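Peer 1:
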Amino acid sequence: MASFKIAGGRQMKGEITPQGAKNEALQILCAVLLTKEPVTIHNIPNIRDVNQLIDLLGDLGVKRTRLSNSSIRFEASDVHLEFMETEMYRQKAAALRGSVMLLGPMLARFKKGRIPRPGGDKIGRRRLDTHFLGFERLGAKFDYDPNDGGFYQVDASGLHGTYMLLDEASVTGTANILMAAVMAEGITTIYNAACEPYLQQLCKMLNRMGAKISGVGSNLLTIEGVSSLNGTEHTMLPDMIEIGSFIGMAAMTKSELTIKNCSIPDLGVIPGVFQKLGIQMEFRGDDIFIPAQEHYEVESFIDGSMLVVADAPWPGFTPDLLSIVLVTAIQAKGTVLIHQKMFESRLFFVDKLIEMGAQIILCDPHRATVVGLNRATQLRGIRMTSPDIRAGVSLLIAAMSAQGVSIIDNIEQIDRGYQNIDTRLNAIGAEIVRL
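In the working numbering, each residue's number is its place in the sequence shown (first place is 1) plus 866.
#1: For P1253, tell me which candidate among L1228, I1280, Y955 and Y1162 has the shortest Cα-Cα distance.
#2: Grab the span of the alpha helix (DSSP H) containing S1260 for me, first residue to last.
#3: Determine the DSSP secondary structure at M1106, reduced to helix, strand or coil.
#4: With a 10 Å radius around its C-beta and 16 neighbouring C-beta atoms as the bar for buried, classify D915 as buried or exposed.
#5: So, is I1196 buried or exposed, given that buried needs 16 or more other C-beta atoms within 10 angstroms?
#6: From A959, R956 and R975, pick the residue whose C-alpha is nearest to that of D944; which is it?
#7: Which whole-angstrom value is the C-beta distance of T1055 and Y1029, which I expect to be below 8 Å?
#8: With distance defined between alpha-carbon atoms, name the residue in R1233, Q1141 and D1177 nearest to M1208.
#9: Per DSSP, D1009 is paired with what?
#10: Taking the alpha-carbon positions, what's the E941 to K929 distance?
#11: At what residue ranges does the stretch 1074-1133 contain a whole run of the beta strand (DSSP E), taking only runs of 3 or more?
#12: Counting pairs of Cβ atoms below 8 Å between the stretch 917-924 and the stretch 962-977, do you hit three or more?
#13: Is S936 near N917, with beta carbons less than 7 Å apart?
#14: Could you give the residue range of the beta strand (DSSP E) that holds G979?
#15: Assuming contact is defined by CB atoms lying nearer than 7 Å, are A1198 and G1238 in contact in what I supplied?
#16: Between the stretch 1137-1157 and the stretch 1076-1083, are three or more C-beta pairs nearer than 8 Å?
#17: Using the C-alpha atoms, what's the distance from A897 back to N1292?
#18: Can we say the stretch 1163-1172 touches the stretch 1084-1093, given the rule of at least three CB pairs closer than 8 Å?
#19: If you draw a straight line from the alpha carbon of R1003 to that of E1221, how long is it in whole angstroms?
#20: By alpha-carbon positions, which one of I1274, G1024, G1270 and I1053 ends up nearest to S869?
#21: Using 8 Å as the cut-off, can you tell me whether the stretch 873-884 makes contact with the stretch 1120-1129, which would need three or more C-beta pairs spanning the two stretches below that distance?
#22: Among the candidates M1045, E1034 and G1200, whose CA atom is the shortest distance from the CA of L994?
#23: Go through its chain and collect everything with a Cβ distance to L933's Cβ below 8 Å, but skip five positions before and after it.
#24: In the DSSP output, which residue or residues are listed as bridge partners for E1163?
#25: Mark A1242 as exposed unless 16 or more other C-beta atoms lie within 10 angstroms of its C-beta, in which case mark it buried.
#26: Please give the ranges of any alpha helix (DSSP H) in the stretch 875-932, keeping only runs that are unbroken, at least 4 residues long and fully inside the region.
#27: Terminal residues of the continuous alpha helix (DSSP H) containing L1044?
#28: Specify, as a first and last residue, the run of the alpha helix (DSSP H) that I1248 falls within.
#29: Can you tell me where the beta strand (DSSP E) with R1300 in it begins and where it stops?
#30: By the three-class DSSP mapping on this structure, what secondary structure does S1272 have?
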């Protein structure tokens, strides 16, 4: 188990470029299975989850040609379906939550699919019902046998278009159903579909491949099934979660940062939420400039009540940045209530922040109140463990702003979502050593 040793109190200065979007990468990479023609993907993040999925595609027989550090050409002309019966497939797919999105393309093109229960973050219950209810509405037959290594088996020999109202606006669920529906016979309508920029990117890519998807960017998607799809070229968006993390990091460490190539129109409410914490920023073309700030003051609502930051499906505030907002609020002037509505257990890492000296009240598994210190005192360095990707980076931000040395264990969780984060931050003035 690897660790980071962080010397706190270092101010950073310079430019940093966000990686390609992890959440987009997982669904875009699965989509290469939809065609036998070459698909070239650019701006692929070099992170553990994505690399594991690329390896899994290789095991399935997808040819991969690396064109640059972040560009790969994929060709799924000879897919080895028999690999899905092996123990190696079970182990690799079970370790990666994004592997569930292999099912949609498999059902569309090969009319069958098989996948074990996927892994991922330990952040409470994350249901897969939306995926399978959607597949069943399309005519797939679903079977789960706990005695068969916990495999989901799906037979999709007669996929047909239908109307469905999703019980939750699941991003991965919408992506999976969408990929299955693009080659189903007839017209499929998906209501309460997720409409995140990642999903919009997938729709645009599929349309370039020959799919017929309308309503892109809304929560009502209409898909007219086609018989086959062609190859294409696709460039991923920058990772909005990294961008938000860098904004919070700059504020907490009093650093002057320019975040390059942010695709600002695709960030939605994210910059505005950080501005409500009092963080100054300037939009310079497609870059975000964060000046060094000694103090930042939390805005209150018009009636004077406490600021509440809550997550919601897009275009609401992404749940992946709530932990970053929480840690950033520690040194603000003012009080913030963080309300994590969409997942439970994601706030339990605050005990480490409290141990470092933060003033946080964990109200229940979904809510935490942060009373800002306004830099009256510094956090102190401690030893802690990263429970998941986003909490791990929140602890990293806290450690970088703290007095003294901190150690963060289990940084494999951070590596799952952040590309060479130590090297990139050290280049602009941080002091992080990988142990």
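All C-beta atoms in this analysis are idealised placements derived from N, C-alpha and C, irrespective of residue type, glycine included.
All figures in this text were calculated on a predicted structure; none of them were measured in a lab.
Peer 2: So, from the listed chains and residues:
#1: For the purposes of this step, residue 1253 is taken as the residue at position 387 of the sequence shown. Of the listed residues, the one whose Cα sits closest to P1253 is I1280.
#2: Sequence index remark: in the sequence shown, residue 1260 carries index 394 (1-based). I1255 to S1267 is the extent of the alpha helix (DSSP H) around S1260.
#3: In the sequence shown, residue 1106 corresponds to position 240, counting from 1. Three-state DSSP puts M1106 in a helix.
#4: Residue 915 sits at position 49 when you count from the first residue of the sequence shown. Burial state of D915 is buried, judged by a 10 Å Cβ sphere holding 16 or more other Cβ atoms.
#5: Taking the first residue of the sequence shown as position 1, residue 1196 is located at position 330. Counting the other Cβ atoms within 10 Å of the Cβ of I1196 gives 16 or more, which makes it buried.
#6: Residue mapping note: residue 944 aligns to position 78 of the sequence shown, counting from 1. Looking at the Cα atoms, R975 is the closest of the given residues.
#7: The sequence position of residue 1055 within the sequence shown is 189, counting from 1. The sequence position of residue 1029 within the sequence shown is 163, counting from 1. Right, the Cβ-Cβ distance comes to about 5 Å (below 8 Å), so this counts as a contact.
#8: Indexing the sequence shown from 1 puts residue 1208 at position 342. Closest option to M1208, Cα to Cα, is D1177.
#9: Position 143 of the sequence shown holds residue 1009. Partner(s): Q1019.
#10: The sequence position of residue 941 within the sequence shown is 75, counting from 1. The sequence position of residue 929 within the sequence shown is 63, counting from 1. Approximately 5 Å between the Cα atoms of the pair.
#11: Counting whole runs of 3 or more residues, the stretch 1074-1133 contains the beta strand (DSSP E) stretches 1078-1080, 1086-1090, 1098-1101 and 1122-1125.
#12: Touching, yes.
#13: In the sequence shown, counting from the first residue as 1, residue 936 sits at position 70. In the sequence shown, counting from the first residue as 1, residue 917 sits at position 51. 7 Å or more divides the Cβ of S936 from the Cβ of N917.
#14: As a first step, residue 979 must be located in the sequence shown, where it is residue number 113. Here the beta strand (DSSP E) through G979 covers K978 to P982.
#15: To locate residue 1198, count along the sequence shown from 1; it is residue 332. To locate residue 1238, count along the sequence shown from 1; it is residue 372. Yes.
#16: Flag = no, the stretch 1137-1157 and the stretch 1076-1083 do not touch.
#17: Numbered from 1 along the sequence shown, position 426 holds the residue referred to as residue 1292. Numbered from 1 along the sequence shown, position 31 holds the residue referred to as residue 897. About 35 Å.
#18: Touching, no.
#19: Against the sequence shown, residue 1003 aligns to sequence position 137. Against the sequence shown, residue 1221 aligns to sequence position 355. So the two alpha carbons sit approximately 49 Å from each other.
#20: By one-based count along the sequence shown, residue 869 stands at place 3. Measuring from the Cα of S869, the nearest candidate turns out to be I1274.
#21: Contact between the stretch 873-884 and the stretch 1120-1129 is present, because at least three Cβ pairs lie under 8 Å.
#22: In the sequence shown, counting from the first residue as 1, residue 994 sits at position 128. It is E1034.
#23: What you label residue 933 is simply residue 67 of the sequence shown in a count that begins at 1. Excluding sequence neighbours, L933 sits near T906 and R939.
#24: Walking along the sequence shown from the start, residue 1163 turns up at place 297. Bridge partners of E1163: K1199.
#25: For the purposes of this step, residue 1242 is identified with residue 376 of the sequence shown, where counting begins at 1. The residue is exposed, with fewer than 16 neighbouring Cβ atoms inside 10 Å.
#26: Segments of the alpha helix (DSSP H) lying fully in the stretch 875-932: 888-897 and 914-925.
#27: As a working note, residue 1044 is residue 178 in the sequence shown. Its alpha helix (DSSP H) spans residues V1037 to A1047.
#28: Counted from its first residue, the sequence shown places residue 1248 at position 382. No alpha helix (DSSP H) contains I1248, which DSSP labels as neither H nor E.
#29: Position 434 of the sequence shown, counting from 1, holds the residue named residue 1300. Boundaries of the beta strand (DSSP E) harbouring R1300: I1298 to R1300, taken from the DSSP string.
#30: As a working mapping, residue 1272 is identified with position 406 in the sequence shown. Assigned with DSSP and collapsed to three states, S1272 falls in strand.
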